[in-house]
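Take the sequence shown: its letter number 189 is residue 189 in the UniProt record's numbering, and every next letter is one higher.
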Amino acid sequence: MVSGLSSVAEQLQALESAIETVVRGKHDVVRLALVTLVADGHLLIEDVPGVGKTTLARTLSRALDCSFQRIQFTSDLLPSDVLGLSVYDQASGRFEFRPGPIFANVVLADEINRTTPKTQSCLLEAMAEGRVTIENQTFDLPRPFIVLATQNPVEHHGTYPLPESQLDRFTMRLSMGYPSAEDERQILLGKARRDPLLEMKPVLSAADMLALQERARTVRMDDALVDYLLRIVNATRTSELLEMGVSPRGSLALFRAAQAQALFDGRDYCLPDDIKRLAIPVLSHRVIVSPRYAGGGRETDDARSALEEILKTVAVPL
Numbered sequence: 001m002v003s004g005l006s007s008v009a010e011q012l013q014a015l016e017s018a019i020e021t022v023v024r025g026k027h028d029v030v031r032l033a034l035v036t037l038v039a040d041g042h043l044l045i046e047d048v049p050g051v052g053k054t055t056l057a058r059t060l061s062r063a064l065d066c067s068f069q070r071i072q073f074t075s076d077l078l079p080s081d082v083l084g085l086s087v088y089d090q091a092s093g094r095f096e097f098r099p100g101p102i103f104a105n106v107v108l109a110d111e112i113n114r115t116t117p118k119t120q121s122c123l124l125e126a127m128a129e130g131r132v133t134i135e136n137q138t139f140d141l142p143r144p145f146i147v148l149a150t151q152n153p154v155e156h157h158g159t160y161p162l163p164e165s166q167l168d169r170f171t172m173r174l175s176m177g178y179p180s181a182e183d184e185r186q187i188l189l190g191k192a193r194r195d196p197l198l199e200m201k202p203v204l205s206a207a208d209m210l211a212l213q214e215r216a217r218t219v220r221m222d223d224a225l226v227d228y229l230l231r232i233v234n235a236t237r238t239s240e241l242l243e244m245g246v247s248p249r250g251s252l253a254l255f256r257a258a259q260a261q262a263l264f265d266g267r268d269y270c271l272p273d274d275i276k277r278l279a280i281p282v283l284s285h286r287v288i289v290s291p292r293y294a295g296g297g298r299e300t301d302d303a304r305s306a307l308e309e310i311l312k313t314v315a316v317p318l
């Protein structure tokens, strides 16, 4: 059970270190993924195939001794393939509900933008409320619960871009990036001997993570920091660089992520840096850059550049 701040920081550091024995050379990505989990949120990873997105999700579930399900999203996937359905049992003469893969602690929604909007939308209630409604019955999902969704930012043939309402459910959007030459060498040598994921032992339990999530909600954020956060959000709504600013759900996501980040540093209070360093991964997928200021490159890069400019204009509380 999580108790003092030193114990909290030690548990989080142990979890982080365990994951980094498998996901090599991606300290920032691992940290932000764990911040998302402690903040009780969901993660969208946008990157090319083969850089470790699935490995990150599997490693996270194994380190927490939690259930894991991988859903390969395709154009013919149906909502019932994700949520489950009722099947008639001849022996009992009744319909019995068979839960789908969404009923797991860690759900990998692989290539989420390859399925139709109807199937994408079946995740909305699950991600927002931790439950699903099927045939007028509501079922609670296991806790902790996190959706790690992936999409390829380069290949757009046969894809259905996520609408703003779906993107807004993700606490953060990250990119894994290619490993360094040395890290890739260590990956090759490690895989040649034995997959390090198979040797991983659980570091924390699901109950431990739930306690950490509750502890994160008690982290203090002074009024001056709340005002700073709100000034950043309001600036996205009034800036001529952006056509659409951050929603109140985005404000709450940044607030909770900053609380979780403080725990990793062994603090029970937030600092301005907690907000500033998380602003781009938490907010960049919630804004739309004005066509007049789009750079002609990737939309992700344009949003990041616009937010960097906005952050420079907002005074940091001392």
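Where is the CB? At the ideal position from N, CA and C, for every residue including glycine. The structure presented is a predicted model; accordingly, all values stated were derived computationally and were not measured.
Inset, instruction - Can you say whether Phe255 is buried or exposed, counting buried as having 16 or more other CB atoms within 10 angstroms of its CB? - result: Taking the sequence shown and counting its residues from 1, the one referred to as residue 255 is at position 255. Buried.
Inset, instruction - Starting from Leu230, trace the beta strand (DSSP E) both ways and give me its first and last residue. - result: Within the sequence shown, numbered from 1, the residue matching residue 230 stands at position 230. Counting along the chain, Leu230 falls outside any beta strand (DSSP E), though it belongs to the alpha helix (DSSP H) covering 223-238.
Legend entry - For Ala315, the three-state DSSP class (helix, strand or coil): In the sequence shown, the residue the question calls residue 315 occupies position 315. Reduced to three states, the DSSP call for Ala315 is coil.
Inset, instruction - Please go through the segment 176-206 and give each complete alpha helix (DSSP H) segment of 4 or more residues, from N-terminal end onward. - result: 181-193, 196-199
Legend entry - Ser75 versus Asp110: straight-line alpha-carbon distance, rounded: By 1-based counting over the sequence shown, the position of residue 75 is 75. By 1-based counting over the sequence shown, the position of residue 110 is 110. For Ser75 and Asp110, the distance between alpha carbons rounds to 12 Å.
Inset, instruction - Could you say if the segment 205-218 and the segment 274-292 meet the contact criterion of at least three C-beta pairs nearer than 8 Å? - result: no
Legend entry - For Glu46, three-class secondary structure by DSSP: Translated into positions along the sequence shown, residue 46 becomes position 46. Looking at Glu46 - three-state DSSP - the assignment turns out to be strand.
Inset, instruction - Would you kindly check if the distance between the Cβ of Leu44 and the Cβ of Ala126 is under 8 Å? - result: Here the question's residue 126 lines up with position 126 in the sequence shown. Here the question's residue 44 lines up with position 44 in the sequence shown. Going by C-beta atoms, Ala126 is not nearer than 8 Å to Leu44.
Legend entry - Same chain only: Cβ atoms within 8 Å of Ser92, ignoring 5 sequence neighbours per side: For the purposes of this step, residue 92 is identified with residue 92 of the sequence shown, where counting begins at 1. Result list for Ser92: empty, nothing under 8 Å.
Legend entry - Bridge partner(s) assigned by DSSP for Glu96: Here residue 96 refers to the residue found at position 96 when the sequence shown is read from its first residue. According to DSSP, Glu96 bridges with Val87.
Inset, instruction - Kindly list the residues whose CB is nearer than 7 Å to the CB of Leu85, restricted to its own chain and excluding five residues on each side of it in sequence; keep chain order. - result: Counted from its first residue, the sequence shown places residue 85 at position 85. So the list reads Arg98, once near-sequence residues are dropped.
Inset, instruction - Verify whether the separation of the beta carbon atoms of Ala216 and Val107 is less than 8 Å. - result: If you number the sequence shown from 1, residue 216 lands on position 216. If you number the sequence shown from 1, residue 107 lands on position 107. Cβ distance not < 8 Å, so Ala216 and Val107 don't count as in contact.
Legend entry - For Glu129, the first and last residue of its enclosing alpha helix (DSSP H): For this step, residue 129 is matched to residue 129 along the sequence shown. That run of the alpha helix (DSSP H) goes 123-129.
Inset, instruction - Compute the distance between the beta-carbons of His285 and Leu167, then report whether it is under 8 Å. - result: In the sequence shown, counting from the first residue as 1, residue 285 sits at position 285. In the sequence shown, counting from the first residue as 1, residue 167 sits at position 167. In contact: His285 and Leu167 (Cβ atoms closer than 8 Å).
Inset, instruction - Determine the DSSP secondary structure at Ile102, reduced to helix, strand or coil. - result: One-based indexing of the sequence shown puts residue 102 at position 102. Looking at Ile102 - three-state DSSP - the assignment turns out to be coil, as it is neither helix nor strand.
Legend entry - Rounded straight-line distance, which links the Cα of Glu309 to that of Leu283: Walking along the sequence shown from the start, residue 283 turns up at place 283. Walking along the sequence shown from the start, residue 309 turns up at place 309. In a straight line, the C-alpha of Leu283 is about 13 Å away from that of Glu309.
Legend entry - Rounded separation between Glu299 and Tyr293 - CA only: Sequence index remark: in the sequence shown, residue 299 carries index 299 (1-based). Sequence index remark: in the sequence shown, residue 293 carries index 293 (1-based). So the two alpha carbons sit approximately 11 Å from each other.
Inset, instruction - Quick one: residues in its chain with C-beta nearer than 7 Å to the C-beta of Ile187, no 5 flanking neighbours on either side, listed in chain order? - result: Within the sequence shown, the letter at position 187 stands for residue 187. So the list reads Arg24, Pro179, once near-sequence residues are dropped.
Legend entry - Contacting residues, own chain, Cβ-Cβ under 7 Å from residue 400 (five flanking each side not counted): The shown model of the chain, from 1 to 318, leaves out residue 400, and the question about it has no answer.
Legend entry - Own chain, CB closer than 8 Å to Thr54, minus 5 neighbours either side, in chain order: In the sequence shown, residue 54 corresponds to position 54, counting from 1. Answer for Thr54: Arg70, Leu108, Asp110, Thr150, listed in chain order.
Inset, instruction - Taking only the alpha-carbon atoms, compute the straight-line gap between Gly129 and Asp140 and give it to the nearest angstrom. - result: Counting from 1 along the sequence shown, the entry for residue 129 is found at position 129. Counting from 1 along the sequence shown, the entry for residue 140 is found at position 140. The residue you asked about is not Gly; residue 129 is Glu in the sequence shown. Straight-line Cα distance between these residues: approximately 9 Å.
Inset, instruction - Between the Cα of Met172 and those of Ile146, Asp81, Ala181, spot the shortest distance and give me the residue it belongs to. - result: Here residue 172 refers to the residue found at position 172 of the sequence shown. Closest option to Met172, Cα to Cα, is Ile146.
Legend entry - Proximal residues to Glu46 (C-beta, below 7 Å), its chain only, five neighbours per side dropped: As a first step, residue 46 is located in the sequence shown; it is residue number 46 there, counting from the start. Counting only Cβ-Cβ distances below 7 Å, and skipping sequence neighbours, we find Gln151, Pro153, Arg173, Ser175, Thr300.
Legend entry - Per DSSP, cross-strand counterpart(s) of Asp81: The residue given as residue 81 occupies position 81 in the sequence shown. Paired residue(s): none; Asp81 is not in a bridge.
Legend entry - Continuous alpha helix (DSSP H) stretch holding Asp273: start and end: Counting from 1 along the sequence shown, the entry for residue 273 is found at position 273. First-last of the alpha helix (DSSP H) with Asp273: 272-283.
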